[in-house]
Amino acid sequence: MKVFDSSDIRNVALIGHGHSGKTSLASSLLFTAGATDRHLKADEGNTITDFDEEEVARKLSITSALAAFSWQKTKVNLIDTPGYNIFLSDTRSALTAADAALVILDGVAGIEVSTEKVWQFAEEFKLPCAFVVNKLDRERSSFERVVAAIQETFGRTAVPIHLPVGSEKSFAGIIDLIRMRSYAYKPGGDGKGKESDIPGSEQEAATKAHEALVEMVAEGNDELLEEFFGTGSLAPDHLINGLQQAVRERRIFPILCSAASSNIGADLLLSFLSEVLPSPLQRSEVSAVQNGNEITKGITPKEPPAVFVFKTAADPFAGRVTYFKVMSGAVKDDAHLSNMRSNASERLAHIATPFGKTMQPIAELRAGDIGAVAKLKETLTGDTLCEKNNCAVFRGVEFPEPSIAYAISAKTRNDEDRLSTALSKILEEDRSLRFYRDPQTKEFLLGGNGQQHVEVVVSRLKRRYGVEVELKAPKIPYRETVRGTASVQGRHKKQTGGHGQFGDCWIKIEPLPRGEKFQFVNDIFGGAIPRNFIPAVEKGIVEAAEQGFLAGYPVTDFKVTVFDGSYHDVDSSEMAFKLAGRKAFRAAMQQAKPALLEPIMKVEVESPTEFAGDLMSDFNGRRGRISGMDLKGNMQTIRAQVPMSEMLNYQNDLISKTQGRASFHMEFDHYDYVPSLQAEKIIAAAKDRLHLEEEE
Ligand SMILES: Nc1nc2c(ncn2[C@@H]2O[C@H](COP(=O)(O)OP(=O)(O)OP(=O)(O)O)[C@@H](O)[C@H]2O)c(=O)[nH]1
Ligand SMILES: [Mg+2]
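Numbering (my numbering), first residue to last: 45 to 740.
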């Protein structure tokens, strides 16, 4: 691909709810711009931006993908992002490379849960945005209704710059409210409209909408306001410039029409990208750190080269592929840059412009452009690479903690050996995953944003790396504790020929507040137990506590005071006192009202209000306690505390209860007593388990 100047580059992300048509729109733009020789379809699994095998199999986007193309004199780096809520952390991360975003809406469904989420991301990154009302060829779609919903949710500064001609099946034209011309399309055609005057039947509506647009654009600009009051309108060039400025400053959010799968409106959208959306040079500054100081910084062509890494992919053939945005200067092929985090020197051999999975070689990437390079040694997502060692370091996004974890185990010994290498590659690519070992249950856990998220990893392990694994719900890390106090003796005495063994201690056990774990106090006066044997008593107790008393779970939140005992000059030893401590502990547990503790999770569900009542009563059924509620628009947030054991299958239940329109997040909060009914079952199950282990 040829080299483009910063001012001719547009980095545009397509964002929106799952299934709204982002990948289809990318496909239609690529075809109309001549970057592909036919119109590729999401349903056929052959699009440029859904190339990953899991995406093809599932017919949805899982990670962001890039495709660069040129249109007139502009180079567009299109970033197609996932819309399903469990994959949205990737979308948010990809937005660090964008200078503007198109929010895609389904012309039937209008505003959906993820529409609001991605809108918040765009606000967070201060990205200029426009709305694209897609699927206007569908039955029961309505541009008017969706526009009203957009304005109600996002405000009056969202204004149409297009009007549809025809609706549903007969939708085949678009009126451009800037130039006041009409364009007729052939459904399934080349995406280039035939220009004509506005049909008489649409004249009145178009004039009204044009005036509303003109007024809105003029409002923020004195010169334009003067022209508007003087002539009652704005010259088309002035209108475009004014609109461009207003979009850049996030004062206006244009609304456009489209039917991506039948390729209606692609050429108007392409013109909008190049004429109205900002170049990287016009983007608002982003925060960075330079010489220890927080600064903000724009794209700077005149400085030495620096790039920010916003994405890493594990390609089965090319290995690690690093996607970056040039933040300053120009990066030439084969440049040597140093990584500001690890200090490693990296050679950027064969830099490329990404086009889905294809890497198109390029000689140079100028400030603001996006590129990819394979085989960097130590560079990861979020890193800054540059030539000078005092350059600004840009900030990557943080990823949320996983909301769900599964126990993962290899199917065979052979799989086990390769599992962690394969997983480490997948984790590099997707930073919202976590892989760790639970120190208590000793299981390996894989955490992600949802069940499907973890399942994608399992499937990828098999398809890409030939590693087969099994998933299980993680074991619940129960704990044991005491509710009462007890003072008991622990005495160990054994006479076997020569040396005997003798240890004897008196201990008091009592509960500690939740989370204080363990405390040991030596309260011996007058040497009833010699000083050097006291640590052995403690060790005996700690080891016994690790093994549990009721059901094999570690005992926690208790205090032990050793206050008396006796010893034997010859037969006493550390081992004997350790065993005495152990006996004392077990005897104390017996009397001190032992109890089971269970982890309680902090859960937050976001759902359309219509399901709120149902979801709250569902929490009651799960022994949960509602701790708060928030209403935002049509979305209800419910916060609750629920035992972990009741949440294992929540994801599936939530999907079926809300038709997939709600999302949730949970994390550990605290431990609390298990009610006796459940405790009995857990203890009985543990007895079976421990019994089996003994037999093995
Ligand atoms: N009728 C109609 N269907 C469309 C249109 N655009 C997309 N679709 C269909 O909508 C479905 C989803 O399209 P995608 O392009 O995969 O949607 P997406 O927004 O990329 O979905 P995610 O990547 O999962 O977020 C597919 O079946 C498309 O054929 C359209 O303009 N009209
Ligand atoms: Mg998609």
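Where a beta carbon is used, it is the ideal one built from N, C-alpha and C, also for glycine.
Contacts around residue i, its chain only, beta-carbon distance under 6 Å, and the 5 residues preceding and following it disregarded
i    : result
C173 : A145, V147, A166, F297
Y229 : A216, G237, I308
P348 : G373, E431, K432
E472 : T356
A620 : H536, Q545, F546, G547
L420 : T366, E390
S305 : S68
I644 : Q685, P687, D713, H714, D716
K376 : E408
Inter-residue Cα distance where the pair is residue i and residue j
i    : j    : result
D281 : G336 : 45 Å
T93  : P126 : 10 Å
V56  : V353 : 17 Å
P231 : K119 : 26 Å
D143 : K516 : 42 Å
V365 : E445 : 25 Å
N383 : H83  : 40 Å
E740 : R733 : Here E740 scores only 49 on pLDDT, less than 50, and its place in the model is too uncertain to base an answer on.
G491 : L698 : 18 Å
H536 : K627 : 8 Å
Q591 : V513 : 29 Å
L477 : A192 : 38 Å
E267 : A290 : 14 Å
E293 : M224 : 24 Å
S468 : K213 : 49 Å
G559 : Y522 : 14 Å
A723 : Y717 : 9 Å
F198 : V586 : 59 Å
R630 : F593 : 7 Å
I218 : A153 : 21 Å
V157 : I284 : 32 Å
A362 : A418 : 7 Å
Q495 : E422 : 31 Å
E582 : E524 : 18 Å
R28  : A141 : Residue 28 lies beyond the residue range present for the chain, which begins at 45 and ends at 740; the question has no answer from this structure.
Residue i classed as buried or exposed, judged by whether at least 16 other C-beta atoms fall within 10 angstroms
i    : result
G534 : buried
V437 : buried
A262 : buried
G625 : buried
V614 : exposed
K731 : exposed
F569 : exposed
I339 : exposed
N129 : buried
I398 : The identity of residue 398 in the sequence shown is Pro, whereas the question assumes Ile. P398 comes out buried.
Y597 : buried
S105 : buried
A101 : exposed
G60  : buried
A393 : exposed
V565 : exposed
R184 : exposed
Per DSSP, cross-strand counterpart(s) of residue i
i    : result
C435 : Its beta-bridge partners do not exist; DSSP assigns none.
Q533 : W550
H714 : I644
A396 : P405, A416
D359 : G363
G492 : I448
R758 : Nothing about residue 758 can be reported from this structure: the residues present for the chain run from 45 to 740 only.
I308 : A303
Y480 : L489
S468 : None; S468 has no bridge partner.
K603 : E554, Q563
S240 : S226
Sequence-distant residues of its chain with Cβ nearer than 7 Å to residue i (five each side left out)
i    : result
A358 : R364, K469, I470, E472, E473
S617 : Q545
Subject >> Inside the segment 207–235 only - alpha helix (DSSP H) runs reaching at least 4 residues >> reply: The qualifying runs do not exist here; there are none.
Subject >> Complete beta strand (DSSP E) runs within the segment 139–174 (minimum length 3 residues, chain order) >> reply: Within the segment 139–174, the complete beta strand (DSSP E) runs of at least 3 residues are 144–150.
Subject >> Within the segment 277–301, ranges of the alpha helix (DSSP H) (whole runs, at least 4 residues) >> reply: Segments of the alpha helix (DSSP H) lying fully in the segment 277–301: 280–292.
Original post:
Can you list, in chain order, the stretches of the beta strand (DSSP E) that have 3 or more residues and sit fully within the segment 558–591?
Top reply: 562–566, all fully within the segment 558–591.
Subject >> Every unbroken beta strand (DSSP E) inside the segment 634–716 [3 residues or more] >> reply: Those beta strand (DSSP E) runs which fall completely within the segment 634–716 and span 3+ residues are 638–652, 669–676, 679–687.
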